[in-house]
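Take the sequence shown: its position 22, counted from the start at 1, is 907 in this note's numbering, and no numbers get skipped.
For glycine and all other residues, C-beta sits at the position ideal for the given N, C-alpha and C.
Presented below is the structure to which this report refers.
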Amino acid sequence: MNIEQFTQIIPSSERNLKRLMYLLKDTNSIPRIAVFGKYNHGKSTLLNAIVGHNKFKTADKRETICNEDYEHNHVIWVDTPGLDADIHGEDDAAAMKGAFEVADFIFLVHQVTAGELDKYEMNVFQQLAKQDKNYRKKMFLILTQIDQKTPEDLSLVQTTIAQQLKNSIDLQDLNVISVSATRYLKGIQESKLIFCEKSGMNSIFSLIETLKKDITSLRANEINRLKSKLFVELDQAKKQVTEDLYEYQYRLSSQYKYYQQDIAHLVSAVSARR
């Protein structure tokens, strides 16, 4: 049975099945981290700070229109297209593919200058979390451009976002890190350590090192978990098909019984006229 046949039986399992197939085919032990978020929210700048140079394009126009991979320091980074920028939805589909199918971990990026998380972001982030309970452990919210806010305004935005997450059952456990990738890059370029320290990027680097540990074991656990979930869903589908079949057979049997009765009445009526 191929993916198309399986998803015809259980449409809701398509993403989990594609993720499982990807894991079974990928023998690379290097973790993949997808950087995911709305257009022009600082994803590429964050990636440039992480890899230490301007590898990823940054501009006030759409630059990333498909998932782009780049390996750095034993991590494969997936730069996804900006969400909600393409009216046809093709960019969003590519970004979701990067997040659901190929990523071991997901950095959800939101710029604090935009204020709180908007409805679109909340909806997409909740979709990711609802796909599987383990996604909550794989997702991290990265608040960017903290240098563009006063400490008071930044604290207000952080508090508001924390409340938004608290009010969402699916996002309550989401870890949040606040950074300024621009400040970090400036510190590197100008050899100003204080800029690097105040950028918050050290928290990102520490997180990355933690995520890199024991990726083989983490993937093995994910494979087993996805298999178990798919077997349960397949068993449920089988039971539903069996119930539907019994119901169909019952209706067919009842219709046949009525058909026999109608035939008997017809034969009786014809015989009475002779």
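Next item on the list: Give the secondary structure of Tyr876 by DSSP, where H, G and I count as helix, E and B as strand, and everything else as coil.
Entry: For residue 876 there is no data in the structure shown, the boundaries of the chain being 886 and 1159.
Next item on the list: Specify whether the region 995 to 1012 and the region 1105 to 1113 touch according to this definition: at least 3 beta carbon pairs, one from each stretch, less than 8 Å apart.
Entry: no
Check: Looking only at C-alpha atoms, which of Thr1029, Leu993, Tyr1143 and Ser1156 sits nearest to Tyr1069?
Finding: Thr1029
Next item on the list: Grab me the residues of Gly1072's own chain with a C-beta within less than 6 Å of its C-beta, minus the 5 sequence neighbours each way, in chain order.
Entry: Phe1080 and Cys1081
Item checked: Ordered list of alpha helix (DSSP H) runs contained in the region 1077 to 1149, each at least 4 residues -> 1078 to 1083 and 1086 to 1097
Check: Identify the residues that DSSP records as bridge partners of Ser1063: which are they?
Finding: Leu1028
Checklist line | Where Gln1057 sits in the DSSP three-state scheme | finding: coil
Margin query: Let me make sure I understand the geometry here. Which of Lys1034, Lys910 and Lys1015 has the alpha-carbon closest to that of Gln996?
Written below: Lys1034
Margin query: If contact is defined by three or more beta carbon pairs under 8 Å, each pair taking one atom from either stretch, is the region 987 to 996 in contact with the region 919 to 936?
Written below: yes
Margin query: Is the beta carbon of Leu1013 closer than 7 Å to that of Val1061?
Written below: no
Item checked: Boundaries (first-last residue) of the beta strand (DSSP E) holding Asp1038 -> No beta strand (DSSP E) contains Asp1038, which is instead part of the alpha helix (DSSP H) from Pro1036 to Asn1052.
Check: Taking the alpha carbon of Lys903 as the point to measure from, which residue in Val987, Asn952, Ser929 and Asn958 has its own alpha carbon closest?
Finding: Val987
Notebook entry, point to check: DSSP puts Val1155 in a beta bridge; with which residues?
Noted result: None; Val1155 has no bridge partner.
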